[in-house]
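Chains as they are written, first to last, in this note's numbering: chain U, 120 to 788; chain Y, 563 to 895. Take a look at the structure set out below.
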């Protein structure tokens with residue numbers, strides 16, 4: 120049965136990679152519809168596979184490198200990620216049909232992108248894995264530079280392709296180190312690397328797939344690239360692509376490296392996870408572009424997943440099966456819930472960008488009245504972003520926090536102190552994310568419009584509306600039935616940590632340890648609903664019904680401009696002012712935030728101004744030195760370029776002699 | 563405790579919490595007034611205010627949306643749901659399985675976020691300033707709170723409030739310095755979360771110092787009544803939470819007996835709980851009378867101290883000899 124399902128998924132992949140791109144050249148909108156249907160088919164096949172018990176299957180396809188065949192396989196781990204990618208792909212393709220008569224110019228790359236992610240997930244040999252990963256990078260690069268005439272898009276594209284090349288190189292090196300006796304995954308598992316090689320693989324995996332997932336310090340490409348791409352593509356990149364990168368990371372570190380790993384293996388993941396979670400969540404409170412806010416929150420959430428994975432890896436090394444399965448369950452559940460709600464938020468950002476004509480927090484506001492559906496789903500997703508019960512984000516963060524508490528059992532005082540720091544970090548990141556969520560919803564959707572575009576905003580068209588509503592349904596399901604999601608993740612857990620959470624999950628909820636009380640979102644939601652019904656009944660009986668509308672108390676407001684019926688928008692708190700306390704408290708140290716205030720003296724009629732600059736530490740400490748290094752190297756290359764004939768000949772002869780000497784020396788050894 | 567008596571205890575608990583929440587506010591106000599030589603309003607005044615507000619039709623700014631009108635109800639419902647989870651006079655209530663401390667923190671966070679959103683919806687600088695400050699304080703208060711939860715979970719092996727309290731009542735855990743530190747941290751967080759002096763002044767209407775009051779400035783009528791009740795209930799939830807963890811003496815234990823004995827235990831539990839709450843109310847009043855409000859930008863320092871205490875509480879547990887041994891042998895929770 121599994122074999123047939125794998126063949127089905129392979130067919131889905133082939134259609135996405137070959138047929139739909141060709142179709143999209145001629146009829147992009149039909150292509151998007153076809154991609155949507157194909158992805159939905161893939162999701163159904165994958166669900167059947169999961170319901171059948173996720174028995175692994177392997178398929179050898181006679182394509183690939185000369186003289187070699189390609190091995191594809193599916194097991195619980197890949198099936199879980201396939202489900203996420205297929206659903207996100209279907210929603211993004213559906214949303215892309217809402218193009219207002221102008222399909223994006225890079226339409227064929229969309230289904231290529233989804234297909235490449237599927238290839239990456241189904242790959243069971245080194246070549247297929249690298250091919251899928253690289254194809255994913257190239258296709259997403261094409262999509263990032265869709266609006267290539269924009270100067271900012273060009274810059275984002277350059278940064279993105281540079282980081283993609285780096286992560287691809289590291290992935291190739293990592294799988295090459297793992298595959299001395301054959302390129303298939305089974306051969307890799309059969310000959311586990313020595314500890315030294317394994318440590319190098321760990322570093323390469325953190326840099327390669329880690330940077331693709333958006334882990335600090337190689338996260339710098341993420342905010343500009345997500346801002347540059349069309350919104351449904353950003354949704355795919357954030358909701359699916361970063362998860363595929365995490366999948367590759369998990370596959371390398373938990374599966375292919377083999378069973379012999381020490382507990383300290385979790386530490387690099389945990390450290391990078393902490394940095395990503397805090398930095399991402401803090402930056403989400405500072406950015407002004409909606410999509411950059413969301414991208415920074417992606418960095419935070421990937422950090423949370425990395426923390427869960429790190430604890431799982433360490434616990435697996437220490438043979439604590441209950442803990443490792445709990446942590447892995449938290450990480451996988453958070454992968455699912457973040458994949459869902461971030462897809463939804465990016466789709467909503469696209470709706471806002473078109474409907475209100477801007478993505479800047481400073482020119483939006485009051486959209487809840489003009490765009491009720493977009494606003495509704497965005498508030499739902501923001502609940503997950505903020506980690507509030509009974510949302511999907513709360514369920515997964517609950518699990519992660521429980522695993523962090525249990526992580527004190529990993530070892531001596533150092534591990535125990537680490538788990539305390541982890542608990543504080545997790546809480547800090549969640550609270551920062553809550554502030555960012557309130558800021559995003561409060562400034563964009565609520566209050567009074569800050570520009571004419573926002574005042575005259577229009578709701579999204581039917582395809583995008585449906586895509587958002589269906590995604591919202593999925594996110595709501597994950598939030599209310601986390602036990603079912605953990606049940607889906609169970610085969611994956613048995614692959615990566617050889618443990619299970621089946622003893623701790625039920626339909627309605629789940630527990631952290633088999634003998635303690637747990638979390639049942641249905642009960643929480645039911646309690647709130649019953650209480651609300653009682654309040655409503657009491658109010659109906661006791662309170663005066665209805666309400667009277669009146670103008671806002673206008674202390675300090677000037678005469679409203681003619682297009683602005685609700686007063687001067689500048690008197691409202693803006694995105695920059697909402698984030699100001701946090702900027703002063705944490706931003707000055709962590710993000711080098713600086714404020715330049717220009718306050719005219721009394722009598723001077725020029726307007727006051729405040730300019731805020733942020734500087735991500737990764738840019739200052741990593742990108743700028745690399746930029747300087749590049750300048751030095753290219754300067755040296757320039758000197759070669761402008762050599763006289765004599766100098767050039769001397770150089771060549773010298774190089775030749777040097778090379779011969781080198782070979783001679785090597786021969787001697 | 564069987565299902566029926568558990569349910570009965572829960573209903574009694576809800577009625578008790580709802581009825582006495584405004585009375586606690588009234589008590590604090592009365593005591594504060596007496597301490598500075600004023601007569602003060604009667605204890606029942608907060609209830610009278612709520613009844614009066616219910617009789618008035620709310621005036622709603624015409625630039626606001628449905629969220630502004632729905633927020634007080636959602637905020638109150640989340641706070642009541644939180645109150646339903648915190649044991650007051652008896653353990654083993656019907657809600658005990660769901661009384662998870664993280665869920666509790668989440669529900670209070672939900673109430674806070676909803677009110678902050680409603681404040682942003684008014685589109686005034688007051689709403690914005692209040693929302694921004696409230697969420698900023700939460701950024702420091704939340705880690706401190708979760709470190710307290712962490713310490714308790716280490717001791718009890720679970721984040722379930724009922725189980726934690728049960729273990730403390732049974733005396734298995736003993737007295738620990740960590741608990742004292744966690745208590746101070748919890749009190750600091752509670753002061754910030756309830757918007758009391760020195761973090762926020764519930765009696766002020768001076769723009770520059772307001773946090774909670776700035777958020778609810780535009781509310782009137784039944785909306786304001788719900789917000790006032792939610793604020794009072796939040797204070798009582800925090801007081802009950804701290805009592806049930808750090809001073810659970812006299813609480814009716816989980817027991818299988820029925821009938822008269824249970825009723826007797828409950829009656830004792832209610833009386834002891836009421837005495838404890840009154841004491842806390844008086845201490846709160848004395849504390850607030852002798853303290854001035856902090857500058858807004860000094861509040862994170864106060865909460866930072868709570869965070870540090872939470873950290874110390876957890877780390878002290880690890881270095882204390884007995885606990886480390888317990889962890890290794892798999893005991894201690």
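Built from N, CA and C at the ideal position, the CB exists for glycine as well.
Whether residue 394(U) touches residue 335(U) by CB criterion (8 Å): To locate residue 394(U), count along the first chain from 1; it is residue 275. To locate residue 335(U), count along the first chain from 1; it is residue 216. It is a contact, given that the beta carbons lie within the stated cut-off.
Residue 771(U) - DSSP class collapsed to helix/strand/coil: In the first chain, residue 771(U) corresponds to position 652, counting from 1. Correct three-state label for residue 771(U): helix.
Backbone secondary structure at residue 408(U) - three-state DSSP: The residue you call residue 408(U) lines up with position 289 of the first chain. Correct three-state label for residue 408(U): strand.
Cβ neighbour criterion (16 or more within 10 Å) applied to residue 223(U): Residue mapping note: residue 223(U) aligns to position 104 of the first chain, counting from 1. Buried, by the Cβ-count rule.
Residue 647(Y) and residue 666(Y) closer than 8 Å at C-beta: Walking along the second chain from the start, residue 647(Y) turns up at place 85. Walking along the second chain from the start, residue 666(Y) turns up at place 104. Yes. Within cutoff.
Identified DSSP bridge partners for residue 722(Y): The residue labelled residue 722(Y) in the question sits at position 160 within the second chain. Note: residue 722(Y) sits in a beta bridge opposite 662(Y).
Buried versus exposed, by CB contacts within 10 Å (16 or more), residue 845(Y): Translated into the one-based positions of the second chain, residue 845(Y) becomes position 283. With fewer than 16 other Cβ atoms within 10 Å, it is exposed.
Own chain, CB closer than 6 Å to residue 400(U), minus 5 neighbours either side, in chain order: Numbered from 1 along the first chain, position 281 holds the residue referred to as residue 400(U). Excluding residues within five positions, the ones whose Cβ falls inside 6 Å are 419, 548, 551 and 552.
Backbone secondary structure at residue 855(Y) - three-state DSSP: Numbered from its first residue, the second chain carries residue 855(Y) at position 293. If DSSP states are grouped into helix, strand and coil, residue 855(Y) belongs with coil.
Minimum C-alpha distance to residue 588(Y) - residue among 599(Y), 641(Y), 834(Y) and 606(Y): As a working note, residue 588(Y) is residue 26 in the second chain. When each option's Cα is compared against that of residue 588(Y), the closest is 606(Y).
Helix, strand or coil at residue 191(U) according to DSSP, with G and I counted as helix: Numbered from 1 along the first chain, position 72 holds the residue referred to as residue 191(U). Note: residue 191(U) maps to strand in three-state DSSP.
Nearest-angstrom Cα separation, counted from residue 327(U) out to residue 288(U): By 1-based counting over the first chain, the position of residue 288(U) is 169. By 1-based counting over the first chain, the position of residue 327(U) is 208. Roughly 7 Å between the two C-alpha positions.
Sequence ranges, alpha helix (DSSP H) only - wholly within the region 609–664 of chain U, length at least 4: 640–661
C-beta neighbour in chain Y for residue 255(U), strict 8 Å: In the first chain, the residue the question calls residue 255(U) occupies position 136. Taking Cβ atoms only, chain Y never reaches closer than 8 Å to residue 255(U), which makes this a no.
Residue 729(U): first and last residue of the uninterrupted beta strand (DSSP E) it sits in: Working through the first chain from its first residue, we reach residue 729(U) at position 610. Element bounds for residue 729(U): 728–732.
For residue 715(U), the first and last residue of its enclosing beta strand (DSSP E): Within the first chain, numbered from 1, the residue matching residue 715(U) stands at position 596. First-last of the beta strand (DSSP E) with residue 715(U): 713–717.
Residue ranges of each alpha helix (DSSP H) within the region 253–302 of chain U, 4 or longer: 270–297
DSSP three-state assignment for residue 179(U), whether helix, strand or coil: Locating residue 179(U) in the first chain gives position 60, where the first residue counts as 1. Correct three-state label for residue 179(U): strand.
Whole-number beta carbon distance between residue 599(U) and residue 509(U), since they are thought to touch under 8 Å: Here residue 509(U) is taken as the residue at index 390 of the first chain, counted from 1. Here residue 599(U) is taken as the residue at index 480 of the first chain, counted from 1. Between residue 599(U) and residue 509(U) the Cβ distance is about 6 Å, and since that is below 8 Å, they are a contact.
Beta carbon proximity, residue 746(Y) to chain U, threshold 8 Å: Start at 1 with the first residue of the second chain, and residue 746(Y) comes out as number 184. Not an interface residue.
Integer-rounded CB distance, given that residue 795(Y) should sit under 8 Å from residue 579(Y): Locating residue 579(Y) in the second chain gives position 17, counting from the first residue. Locating residue 795(Y) in the second chain gives position 233, counting from the first residue. Confirmed, Cβ separation roughly 7 Å.
Residue 597(U) and residue 459(U) closer than 8 Å at C-beta: The residue you call residue 597(U) lines up with position 478 of the first chain. The residue you call residue 459(U) lines up with position 340 of the first chain. Yes.
C-alpha distance - residue 849(Y) paired with residue 760(Y), whole-angstrom precision: Taking the second chain and counting its residues from 1, the one referred to as residue 849(Y) is at position 287. Taking the second chain and counting its residues from 1, the one referred to as residue 760(Y) is at position 198. Each residue's alpha carbon lies about 9 Å from the other.
C-alpha distance - residue 121(U) paired with residue 168(U), whole-angstrom precision: Locating residue 121(U) in the first chain gives position 2, counting from the first residue. Locating residue 168(U) in the first chain gives position 49, counting from the first residue. One C-alpha to the other measures close to 6 Å.
Stretch-stretch touch, CB-based, cutoff 8 Å, three pairs: the region 460–469 of chain U with the region 336–354 of chain U: yes
Three or more C-beta pairs below 8 Å linking the region 143–159 of chain U and the region 196–213 of chain U: yes
Option nearest residue 813(Y) by Cα separation, candidates 654(Y), 864(Y) and 582(Y): Within the second chain, numbered from 1, the residue matching residue 813(Y) stands at position 251. Looking at the Cα atoms, 654(Y) is the closest of the given residues.
Three-state secondary structure assigned by DSSP to residue 799(Y): Mapped onto the second chain, residue 799(Y) falls at position 237. Residue state, collapsed to three classes: helix.
Residue span of the beta strand (DSSP E) that contains residue 335(U), given as start and end: Taking the first chain and counting its residues from 1, one reaches residue 335(U) at position 216. First-last for residue 335(U): undefined, no H or E at that position.
8 Å Cβ shell around residue 828(Y) - same chain, five flanking residues per side excluded: As a first step, residue 828(Y) is located in the second chain; it is residue number 266 there, counting from the start. Excluding sequence neighbours, residue 828(Y) sits near 571, 574, 651, 652 and 814.
Separation of residue 787(Y) from residue 747(Y), as counted between CA atoms: Within the second chain, the letter at position 185 stands for residue 747(Y). Within the second chain, the letter at position 225 stands for residue 787(Y). Between residue 747(Y) and residue 787(Y), the C-alpha separation is close to 31 Å.
contact_flag[the region 521–529 of chain U, the region 599–612 of chain U] where n(CB pairs < 8 Å) is 3 or more: no
Of the listed residues 361(U), 427(U), 588(U) and 238(U), nearest to residue 384(U) (C-alpha basis): Locating residue 384(U) in the first chain gives position 265, where the first residue counts as 1. Of 361(U), 427(U), 588(U) and 238(U), the residue nearest in Cα terms is 427(U).
Span separating the alpha-carbon of residue 843(U) from that of residue 687(Y): Given a span of 120 to 788 for chain U in the structure shown, any question on residue 843(U) remains unanswerable.
Same chain, Cβ closer than 8 Å to residue 748(U), neighbours up to 5 away in sequence not counted: Here residue 748(U) is taken as the residue at index 629 of the first chain, counted from 1. Once the five neighbours on either side are set aside, residue 748(U) has no close Cβ partner at all.
Interface residues of chain C facing residue 665(Y) [CB-CB closer than 7 Å]: The displayed structure is made up of protein chains U and Y, and chain C is not among them.
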